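Residue numbers (mature numbering (1 follows the signal peptide of the UniProt record, and there is no 0)): -27 to -1, 1 to 375.
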């Protein structure tokens, strides 16, 4: 997922030991990205028959239809734009990931380097190391070295605002993957990213709202309109706030569904403290059948999974990333469904945007990146971060290097 850093650091090196933090939240898992998927049965078969006529029948049916639309081998993913362009040669760019120790970031960096090198560009990587100061320094490195462009992966604008302003003043475009621009937090603020990677659903914010809505739809359909939710809300990430708000809004349409308790946490709680908070809430609310982990599977390994394993009612969670441990969490009943994510595709889209900006053209915001539902019953051919479309060949052909 994205937007992990605003004005203060929200993760430390110790957190990296506890879990594989996402880029979006989504960046944990395999660093190897395949290009194809085999046809897979529809994942959206949670509620059917009599279930759709039980409590909240209309909303259950609506939720099921929404899940059907993002199920199957491709979900909402579409091929990226095919119109050709001639990227300039001999350029140098700087890539600043939130942290290279996170496998998802490592995968994105790898593909950004591969795409840039296809264009004959030099790539320098400055590891953000979970530190706003390191990310700030990475963008400033591009300014002082007179690089031709920058790709940031993860940080929000406020955390690196000074460096972004310096890059803008130096006419060095900064393309952003899964971070929120300054005007997202303050509509009167000047946006400082030259471009932000878009999605089939629209902007980053549109995509995140879709994720939250679909997670609620799965909960509604899975419980047949009888969800009792323990809402674990991480409050220190803009991305998770957007997902959470969309989830609660959609869940509110279900008259038979309710939130038993909301447990507010921050990144500083990850580990035993998070586990304890969730354990206590589950003891107080034995009828809970769903744990909403702030929209991200990362909170499962950060303490929620351990709490659920020790509980009497064994509620299930719905996630986002579909990461390396998703299959095992499906098998042990911790995870019921997730929405797959492709960091390599975002990286190629960012390089494409940067190529257009360097050439003085308007970057393409249509990328084809969508969402795909994967669930406990339909994940046999699922590979973390695998794209259902051969986006690399499409981009490389459009660039004239494929």
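Note that the Cβ used here is the ideal one computed from N, Cα and C, for glycine as well.
Quick caveat: nothing in here was measured; it's all calculated off a predicted structure.
| Check | Outcome |
| --- | --- |
| Which same chain residues, not among the five before or five after residue 258, have their C-beta less than 8 angstroms away from its C-beta? | 201, 203, 233 and 234 |
| By the DSSP assignment, the alpha helix (DSSP H) with residue 111 in it spans what residues? | 105 to 117 |
| Does the pairing of the region 320 to 340 with the region 293 to 301 give three or more beta-carbon distances under 8 angstroms? | no |
| Within 10 angstroms of its Cβ, does residue 127 collect 16 or more other Cβ (buried), or is it exposed? | buried |
| So residue 209 and residue 229 are supposed to be a Cβ contact under 8 angstroms. How far apart are they, rounded? | The Cβ separation is near 32 angstroms, so there is no contact. |
| Looking at the strands, I want to know which residues DSSP matches up with residue 97. | 67 |
| Return the chain-ordered list of same chain residues with a C-beta closer than 8 angstroms to the C-beta of residue 28, the five sequence neighbours on each side being excluded. | The predicted model places residue 28 with a pLDDT of 49, which falls under 50 and marks its position as unreliable; any figure quoted below should be read in that light. Contacts found: 197, 198, 199, 228 and 229. |
| Using only alpha-carbon positions, find the residue among 102, 146 and 105 that is nearest to residue 120. | 146 |
| Please determine, among 277, 369, 168 and 321, the residue with the shortest C-alpha to C-alpha distance to residue 206. | 277 |
| Can you have a look at residue 322 and say buried or exposed, based on whether 16 or more other CB atoms are within 10 angstroms of its CB? | buried |
| Can you give me the Cβ contacts of residue 375 inside the same chain, cut-off strictly under 6 angstroms, excluding the 5 residues immediately before and after it? | 366 and 369 |
| Pull up the DSSP beta-bridge partners for residue 172, would you. | 175 |
| Inspect the beta-carbon positions of residue 148 and residue 327 and report whether they are closer than 7 angstroms. | yes |
| Give the secondary structure of residue 10 by DSSP, where H, G and I count as helix, E and B as strand, and everything else as coil. | At residue 10, the pLDDT of 36 sits below 50, so the modelled position is not reliable; the number obtained from the coordinates is stated separately. If DSSP states are grouped into helix, strand and coil, residue 10 belongs with coil. |
| I believe residue 378 touches residue 93 by the beta-carbon criterion, under 8 angstroms. Please report the beta-carbon distance rounded to the nearest angstrom. | There is simply no residue 378 to check, as the chain begins at -27 and stops at 375 in what is shown. |
| In terms of residues, what are the limits of the beta strand (DSSP E) holding residue 149? | 147 to 150 |
| Would you mind reading off the limits of the beta strand (DSSP E) that contains residue 122? | 122 to 126 |
| With a 10 Å radius around its C-beta and 16 neighbouring C-beta atoms as the bar for buried, classify residue 104 as buried or exposed. | buried |
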